[in-house]
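Residues in the sequence shown are numbered consecutively from 33, following my numbering.
Each residue gets a CB set at the ideal place from its N, CA and C atoms; glycine is no exception.
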Amino acid sequence: MYNNIAMTNLLSMESKIKTNQISVPTCAKVLVETLENLGVKNIFGYPGAAVLSIYNELSSSKIKHYLVRHEQAAVHAAEGYARVSGKPGVVLVTSGPGFTNTITGIANAYADSTPLVILAGDVSPKENKGKVFQKVDIISMTKTCSKKNYLLSPDDDIKQIIEEAFSIASEEKGPVVIALPRNILESEYKTSLEKRKTKQFLPPITDTDFKKVSEMLSQAQNPFILLGGGAVDAVDEIRKFVSRTKIPVISTLMGIGAFPSTNPLYVGMIGINGTYPANTALASCDFLLALGVSFSDRSTCKNSDFAPNANIVNINLKKIPNKFEAEIIADSSTFLKEFIKYLPPLKDYTNWYNKITLLKAEITNSNCIQSSHVLQTIYEYTKMFEPVVVTDVGQHQMITAQYFNFNKPKKFITSGGLGTMGFGLPAAIGAYIANPDNLVLNITGDGSFQMNLQELATCREHNIPVKIIIMNNSYLGMVRQMQEKIYHNLYQVEMTNPDFTKIAEAYDLFAIRVTSEPELIPALEKAISHPGTAIIDIAINSFEEI
């Protein structure tokens, strides 16, 4: 009798659960459905108890999940995906250390204005008293490195929160963090009629603004257009504007590719590690039209010495704490489309071109360092593929920026504002997933590569054919160079490296080592023709400088 009653109760409970699943979805289910409706096709993540309800729903969804081997790599992979696709990258991690491991990546995305949505599991708010397993203050941690953060409450409509997060990430260009308590994810979904944030529109550019800029340009003899990361979505307008005005172009590190590097009017990258022609000519510039430039210290060096003779016009989506002769809050594309109507009569800039040509000749006739030759060789060999090039941070990064020509936007992916070693390999994975038709090169250093080399497992699991080129000098090259110049010593910058080809073998991947110049092109041929992930470990001079 007892067993019959127990069985009846059990069947009744199962019936209620099934009915509940059909009629009243959980918040986790609605979250995944909302992601699908927003067009999300890929997620980079690492599971844990707090987010297993989401993973349960993902298992039957159309969204592909990429299991990385470290949560920091999940964010960098999402960054690479966002930078190539133009869509927000999505990250899914669990509570506690699962989330804290993402902080570097979130800060990196914030510094480089990369749209991301980070979904982070959290413990139940009911468990806030005393020490709680895997409890961290997600909101406090991300106040200074996110465009917005949310702690989901029982009164929130998770569908509205997710939609708003994607809107902010896309419009404000940066990471948005959502803390998702486990108990809420597993609870019944409830809709809300609360009105969320409405889209904010930029103020119109006035006739007075355009006339002021036009007047300054009309007086200029040595003008420049400076492109930053915010200009990469205005490629067509930039090319039309330069074709019409014949004004030479320079760029920051993040602006590389917004204008073709092979165009004769492109002078080079400015900044601490910029090219000699670009930096030297900038000092003689008398008008600077800055499009989407953040004016970071890596680009301006000393603010007092930056373009000292120029009237600077800053076009940006947000105000910059610098003094400019004109500052207009607008996207670069909108400004250029309208400014064409206000252009003064075209000038002859022959003298200005001649100065720049002489500066280019000086650098061209100098002896190139070994790494520059390596990068030039790689460029010449791969240019037919128009590859996406993803770098890590260090000497190899700056040499790539200087010697690898980029003629299209979203082809040069690097960590600019934060300078994050370990960015390259996971970002290259994301870049490939965003556009599998691209050849993706990860140019890295021996120091940077070892920060996230565990992602070789992700490459192997998903057969991601990125080509990893290690500029191996057995030193932290950039740090060594600064240490020698400032402190005149070498301390803790020399590296005893493993055999990277054997590490590749352990992951069942192709690898080849290059120790002399004649070996380089044959190695490139083998690596690029290989159908999967390939590593080229290139031994370079340990004491070269940039």
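- Counted as a single uninterrupted DSSP element, the stretch harbouring Glu195 is not any beta strand (DSSP E) but the alpha helix (DSSP H) occupying residues Ile190 to Glu204.
- The C-beta distance from Gln486 to His102 rounds to 6 Å, short enough to fall under 8 Å.
- In summary, Ser178 is buried, with 16 or more beta-carbon neighbours lying within 10 Å of its beta-carbon over all protein chains present.
- Look at Asn181 here: in three-state DSSP terms it is strand.
- For Asn74, the enclosing beta strand (DSSP E) begins and ends at Asn74 to Tyr78.
- Rounded to whole angstroms, the gap between the alpha carbons of Ser145 and Ile572 is 33 Å.
- Inter-residue distance for Ala266 and Asn439 is about 14 Å (C-alpha atoms, whole angstroms).
- Ile288 sits in coil when the DSSP states are folded into three classes, being neither helix nor strand.
- The region 172 to 187 makes no contact with the region 115 to 126; the number of CB pairs closer than 8 Å stays below 3.
- Close CB contacts of Val472 within its chain, under the 6 Å cut and outside five residues either way in sequence, are with Val420, Ala460, Ala463, Tyr464 and Val498 (chain order).
- Excluding its 5 nearest sequence neighbours in each direction, Glu526 has C-beta neighbours in its own chain below 6 Å: Tyr507, listed in chain order.
- Collapsing the DSSP output to three states places Gly426 in coil.
- With fewer than 16 neighbouring CB atoms inside 10 Å of its own CB, Ser275 falls in the exposed class.
- Annotation: the continuous alpha helix (DSSP H) that includes Thr409 extends over Gln402 to Thr414.
- Under the 8 Å Cβ criterion, the region 199 to 209 counts as touching the region 140 to 158, having at least three qualifying pairs.
- Within the same chain, Cβ atoms closer than 6 Å to the Cβ of Val345 are found at Val245, Leu321 and Ala358, the five residues on either side in sequence being excluded.
- Looking at the backbone, the Cα of Asn470 and that of Thr294 are separated by about 20 Å.
- For Met301, the enclosing beta strand (DSSP E) has its first and last residue at Tyr298 to Met301.
- Bounds of the alpha helix (DSSP H) holding Val267 are Val267 to Thr277.
- According to the DSSP assignment, Arg545 belongs to the beta strand (DSSP E) that extends over Phe542 to Val546.
- With contacts defined as CB atoms closer than 7 Å, Ile282 and Leu258 qualify as a contacting pair.
- Judged by their CB atoms, Leu391 and Thr312 are nearer to each other than the 7 Å cut-off.
- A direct Cα-Cα distance of roughly 24 Å separates Gln515 from Met301.
- Under DSSP, the beta-bridge partners assigned to Asn343 are Phe319.
- Rounded to whole angstroms, the gap between the alpha carbons of Ala315 and Leu450 is 26 Å.
- Taking C-beta atoms as the reference points, Thr277 and Val325 fail to come closer than 7 Å.
- The C-beta distance from Gly137 to Gly80 rounds to 17 Å, too long to meet the 8 Å contact threshold.
- Residue state for Asp569 is assigned as strand, using DSSP reduced to three classes.
- Per DSSP, the continuous alpha helix (DSSP H) segment holding Gly137 begins and ends at Ile135 to Ala143.
- Distance check between Gly287 and each of Ala433, Leu541, Asp478 and Val56 places Ala433 closest, using alpha-carbon atoms only.
- Linking Ala536 to Glu65 through their CA atoms gives a straight-line distance of about 38 Å.
- With a 10 Å radius around the Cβ and a threshold of 16 neighbouring Cβ atoms, Asn69 comes out exposed.
- For a cut-off of 8 Å, the C-beta gap from His428 to Ser403 is around 7 Å, short enough to register as a contact.
- Closest in alpha carbon position to Leu552, among Gln408, Asp329, Pro296 and Phe371, is Gln408.
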